Amino acid sequence: MLLTPNGWLHPSFGKYIFALCDIVNGILIYRLLKSNILKKNDSTERLATIYSAVHLLNPLVFSISTRGSSESVLSSFILLTLYAALKGHWDLSAILLGLSTHWKIYPVIYGVACLGVVGEGIGRSHLHTLVNTKSIRFAVISAGTFVLLGIGCYGM
9 MLLTPNGWLH PSFGKYIFAL CDIVNGILIY RLLKSNILKK NDSTERLATI YSAVHLLNPL
69 VFSISTRGSS ESVLSSFILL TLYAALKGHW DLSAILLGLS THWKIYPVIY GVACLGVVGE
129 GIGRSHLHTL VNTKSIRFAV ISAGTFVLLG IGCYGM
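According to our numbering, the sequence shown is numbered sequentially starting from 9.
Below is the structure:
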């Protein structure tokens, strides 16, 4: 459905979308590095710029997208899931995880890591960290998004 405008707007429409996702991914990488991953000091901004530039200026990244591979869209969903989770927007990150899993099935492995972060600090045991109200809600929203998209696309 994302590539439908290829037929009526422009034959390379999807390639432009994929390249745009690469740029968005570079911005998300920069923001994640600067706000959550790198230690806060004088060189944080410089290092975040260098690391995100490694992604943005990598010729392999853009050549994959401009040949028509949708991996950049999947990467955008995964990076947005991580960004939303680190900002505390669990419902949004659950929806994004469901979207990315609908795109391709292997991002479901990120769900377990997200469950660990969702329940962080709730219980003393590891089991209580993974199984609690927040993590169950996260799992239900992610699975619900995946199932609803599957039903909708199957219906179309």
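From the three backbone atoms N, C-alpha and C, an ideal C-beta is built for every residue, glycine too. Quick caveat: nothing in here was measured; it's all calculated off a predicted structure.
Roughly how many angstroms lie between the CA atoms of residue i and residue j, to the nearest whole one?
i	j	result
Gly152	Gly106	7 Å
Leu123	Ala93	10 Å
Ser60	Thr74	19 Å
His18	His63	27 Å
Gly158	Ser80	21 Å
Lys112	Asp50	39 Å
Tyr91	Val69	21 Å
Ser143	Trp16	43 Å
Lys47	Lys95	17 Å
Ser20	Leu10	12 Å
Val139	Thr109	21 Å
Ser43	Ser150	25 Å
Asn14	Leu156	25 Å
Ile31	Ile58	15 Å
Leu87	Trp98	14 Å
What are the boundary residues of the alpha helix (DSSP H) that residue i is part of?
i	result
Ser150	141–163
Pro19	Run containing Pro19: none; DSSP gives neither H nor E here.
From this set, the options, which residue's C-alpha is nearest residue i's C-alpha?
i	options	result
Asn33	Leu46, Thr52, Leu82	Leu82
Leu55	Asn66, Ile37, Val69	Ile37
Ser220	Trp98, Leu40, Leu46, Val120	This structure cannot speak to residue 220, because the chain is shown only from 9 to 164.
**Report entry** Meets three-Cβ-pair contact criterion under 8 Å: the region 10–28 and the region 64–73
**Finding:** Contact between the region 10–28 and the region 64–73 is present, because at least three Cβ pairs lie under 8 Å.
Query raised in the report: What are the start and end residues of each continuous alpha helix (DSSP H) run of 4 or more residues lying completely inside the region 64–104, in chain order?
Result: 67–74, 79–94
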